[in-house]
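Asker: I'd like to ask you about the structure that follows.
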Amino acid sequence: MSSAAQAAAESVAVVGGRVVTPEAVLDGGVRVEGDRIVSVGSVDTDADTIIDADGRFVLPGLLDLHGDDIEDHLHPRSGERIGMPMALASADRANISAGITTKFHAVSFELDEEADRSPELGATLTAAITGADNLLADHRLHARCEVTQQRCVDAVIEAVGTGDADIVSVMSHIPGKGQFQDIEAFKRYYENATDRTIEEAEEMIEQRTDIPMATLRERVDRVVEAAHDAGAVTASHDDEHPAEVERLANAGVDITEYPITLATAERAAEVGMTTAMGAPNLVRGGSQWGNLSTADAIDAGVVDALVADYHPPSLLASAFVDTGEPLPERVKRVSAAPADAVGFEDRGRIEAGARADLLVIDREPTPTVARALVAGKPVYRADGGPR
-13 MSSAAQAAAE
-3 SVAVVGGRVV
7 TPEAVLDGGV
17 RVEGDRIVSV
27 GSVDTDADTI
37 IDADGRFVLP
47 GLLDLHGDDI
57 EDHLHPRSGE
67 RIGMPMALAS
77 ADRANISAGI
87 TTKFHAVSFE
97 LDEEADRSPE
107 LGATLTAAIT
117 GADNLLADHR
127 LHARCEVTQQ
137 RCVDAVIEAV
147 GTGDADIVSV
157 MSHIPGKGQF
167 QDIEAFKRYY
177 ENATDRTIEE
187 AEEMIEQRTD
197 IPMATLRERV
207 DRVVEAAHDA
217 GAVTASHDDE
227 HPAEVERLAN
237 AGVDITEYPI
247 TLATAERAAE
257 VGMTTAMGAP
267 NLVRGGSQWG
277 NLSTADAIDA
287 GVVDALVADY
297 HPPSLLASAF
307 VDTGEPLPER
317 VKRVSAAPAD
327 AVGFEDRGRI
337 EAGARADLLV
347 IDREPTPTVA
357 RALVAGKPVY
367 RADGGPR
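Residues -13 to 373 in our numbering are what the sequence shown spells out, letter by letter.
Next comes the structure, spelled out in structure tokens:
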């Protein structure tokens, strides 16, 4: 019998918790049968497995729509590569321990050898992620396409054609635009973060700024069309101007990631796009690049979902940052809202009928996962006792 079938034959009762539902925080528990939640609040405790939450918060499993931490597991040091099975297993455990039960690995199809990125590596990672078995979390593919490079556009369209990607995003890392507003800062970043010289950074700048805007837009349209034909959700990255997100929305892009200005985020909301911001931005107190802060965007009411970006633990921590909102609203941004954005309405919420992805959280000294269930199966324990 498979592990999934074994899980389906079992019942679990999580008791004595402060259960965070989409509407409120309830004292009580959650009953699971197979891979589904069957009741919330006052629950039948006659179950195969009893988990005592001991007054701790019980949250839905988190969904990360954009996490590029797989790159760090694969290349813990620039130029030094770990075997793919070990990298995936390491990323799996790291994300489960951070409360992420559904992970969209943001795999860059970008030609940047110093950053250990290439379209070929993107294809290799795609095959590894979509073919992985015996992992704890539900692992999915978010294919990121660098549209300043035709080779990468072709590679993403080929990968999307297999149906492997759940999310496809378009990005254009052009110095002076988007994330890198300051060209001199771009040069310093690439000199310090990679082994490039200033001269090599300047050569990259010339290559990426020498492409007509009409060409970039045509590439974006091709990628978006291919993604939608394959049933994938589409996203854009580091959108700079309100007119830019309006055009992208008209082209069929569903999500804007990390809008650079508040006006851009506001326009995205007006045209019906989902806006995703970085959880590390909120936890740290601002953007690494001096762009729009997540806190300011939340205050303005224009943030739908948060993503882990480069730091999985920040996703859970962000739900406990005091934004002046009730806890259920903050939890939604890292669970139900991202689930809804990609059509995964069966998860990200604690309610009868939902997939039983559950977390028991130790609040102090910083939010950490004590227990985790994925599709009803207890997969993680970090509170000192036997599982």
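A virtual CB, placed ideally from N, CA and C, is assigned to each residue, including glycine. Since the structure is predicted, the reported quantities are computational estimates derived from the model, not experimental observations.
Is the beta carbon of L45 closer than 7 Å to that of V317?
Answerer: Yes; because the gap between Cβ atoms is below 7 Å, this pair is in contact.
Asker: Go ahead and pull the three-state DSSP assignment for M259.
Answerer: Reduced to three states, the DSSP call for M259 is coil.
Asker: Can you tell me whether S209 is helix, strand or coil according to DSSP?
Answerer: The amino acid occupying residue 209 in the given sequence is Val; Ser does not appear at that position. Helix.
Asker: Closer than 8 Å is the cut-off here; do at least three beta carbon pairs connect the stretch 217 to 225 with the stretch 242 to 249?
Answerer: Output reads yes: the stretch 242 to 249 touches the stretch 217 to 225.
Asker: Rounding to the nearest angstrom, what Cα-Cα distance links A(-10) and A286 in this structure?
Answerer: In this predicted model, A(-10) has a pLDDT of only 47, less than 50, meaning its place in the structure is not dependable; the value taken from the coordinates is given anyway. C-alpha separation (whole angstroms): 43 Å.
Asker: When you compare only the Cα positions, how much space is there between V6 and S321?
Answerer: Rounded to whole angstroms, V6 to S321 spans 11 Å at the Cα level.
Asker: Would you say the stretch 80 to 94 touches the stretch 341 to 357, given that touching needs at least three Cβ pairs under 8 Å?
Answerer: Enough Cβ pairs lie closer than 8 Å, so yes.
Asker: Taking buried to mean at least 16 other C-beta atoms within 10 Å of its own C-beta, is N267 buried or exposed?
Answerer: Buried.
Asker: Enumerate in chain order the residues of its own chain whose CB-to-CB distance from D124 is below 6 Å, with the five nearest sequence positions on each side excluded.
Answerer: Contacts found: T88.
Asker: From the DSSP output, read off the bridge partner residues of V(-2).
Answerer: V18 and T35, per the DSSP bridge assignment.
Asker: Unbroken alpha helix (DSSP H) runs of length 4 or more, entirely within the stretch 294 to 337: which are they?
Answerer: As far as the stretch 294 to 337 is concerned, its whole alpha helix (DSSP H) runs of at least 4 residues are 299 to 304, 313 to 318 and 322 to 327.
Asker: Considering only the alpha carbon of each residue, which of A92, F43 and R22 lies closest to T49?
Answerer: Residue identity differs from the one stated: residue 49 is Leu in this sequence, not Thr. Closest option to L49, Cα to Cα, is A92.
Asker: Give me, in chain order, the residues of the same chain whose beta-carbon lies closer than 7 Å to that of V139; leave out the 5 immediate sequence neighbours on both sides.
Answerer: Here the set comprises C131, V133, R205, R208 and V209.
Asker: Please list the segments of the alpha helix (DSSP H) lying wholly inside the stretch 39 to 86, counting only runs of 4 or more residues, in order along the chain.
Answerer: For the stretch 39 to 86, whole alpha helix (DSSP H) runs of length 4 or above, ordered along the chain, are 56 to 60 and 70 to 83.
Asker: By DSSP, does R270 sit in helix, in strand, or in coil?
Answerer: Correct three-state label for R270: helix.
Asker: Evaluate A(-1) with the Cβ neighbour count: other Cβ atoms within 10 Å of its Cβ, from every protein chain shown; 16 or more gives buried, anything less gives exposed.
Answerer: Counting Cβ neighbours within 10 Å, A(-1) comes out buried, since at least 16 surround it.
Asker: CB-CB under 8 Å to I336, same chain, minus the five flanking residues each way: which ones, in chain order?
Answerer: These residues qualify, in order along the chain: V5, V6, T7, P8, V16, I23, V26, V44, L45, P46 and L344.
Asker: Measure from the alpha carbon of G217 to the alpha carbon of each residue in R233, T148 and A237, then state which is nearest.
Answerer: Per the Cα distances, T148.
Asker: F306 to S28, Cα distance in whole Å?
Answerer: If you take the alpha carbons of F306 and S28, they lie about 25 Å apart.
Asker: Hey, could you find the ends of the beta strand (DSSP E) T354 is sitting in?
Answerer: T354 -> beta strand (DSSP E) spans T354 to V360.
Asker: Between the C-alpha atoms of I347 and R42, what's the straight-line distance to the nearest angstrom?
Answerer: Going from the Cα of I347 to the Cα of R42 covers about 6 Å.
Asker: Between which two residues does the beta strand (DSSP E) carrying I347 extend?
Answerer: First-last of the beta strand (DSSP E) with I347: L344 to D348.
Asker: So, for A369: in the same chain, excluding its five sequence neighbours on each side, which residues have a beta-carbon less than 6 Å away from its beta-carbon?
Answerer: In the sequence as presented, Ala is not what sits at residue 369; that position holds Asp. Hits under 6 Å: A356.
Asker: Do H61 and D13 have their beta-carbon atoms positioned less than 7 Å apart in this structure?
Answerer: Cβ distance not < 7 Å, so D13 and H61 don't count as in contact.
Asker: Looking at C-alpha atoms only, which residue of V219, A265, L248 and A73 is the closest neighbour of L278?
Answerer: Ranking the options by Cα distance to L278, first place goes to L248.
Asker: Got a sec? Which residues, its chain only, sit under 6 Å from P324 by beta carbon, not counting five neighbours each side?
Answerer: Excluding residues within five positions, the ones whose Cβ falls inside 6 Å are L49, L51 and A291.
Asker: Do you know how far the Cα of R341 is from the Cα of E331?
Answerer: Rounded to whole angstroms, E331 to R341 spans 9 Å at the Cα level.
Asker: According to the neighbour-count rule (16 or more other Cβ atoms, all chains shown, within 10 Å of its Cβ), is V360 buried or exposed?
Answerer: Buried: at least 16 other Cβ atoms inside 10 Å.
Asker: Here's the rule: buried if 16 or more other CB atoms are within 10 angstroms of the residue's CB, otherwise exposed. What is A129?
Answerer: Buried: at least 16 other Cβ atoms inside 10 Å.
Asker: For V288, I'd like the list of residues in its chain whose CB is within less than 6 Å of its CB, leaving aside the five on either flank, ordered along the chain.
Answerer: So the qualifying residues of the chain are A251, E252, A255 and T261.
Asker: Measure from the alpha carbon of V231 to the alpha carbon of each residue in R203, S304 and G117, then state which is nearest.
Answerer: When only C-alpha atoms are compared, the closest one is R203.
Asker: Just list the alpha helix (DSSP H) runs in the stretch 95 to 145, keeping only unbroken ones of 4 residues or longer that don't cross its boundaries, in chain order.
Answerer: Runs found: 105 to 117.
Asker: Would you call M72 buried or exposed, if buried means 16 or more other Cβ atoms sit within 10 Å of its Cβ?
Answerer: M72 is exposed by the Cβ-count criterion.
Asker: Report the three-state DSSP secondary structure of P228 (helix, strand or coil).
Answerer: Helix at P228.
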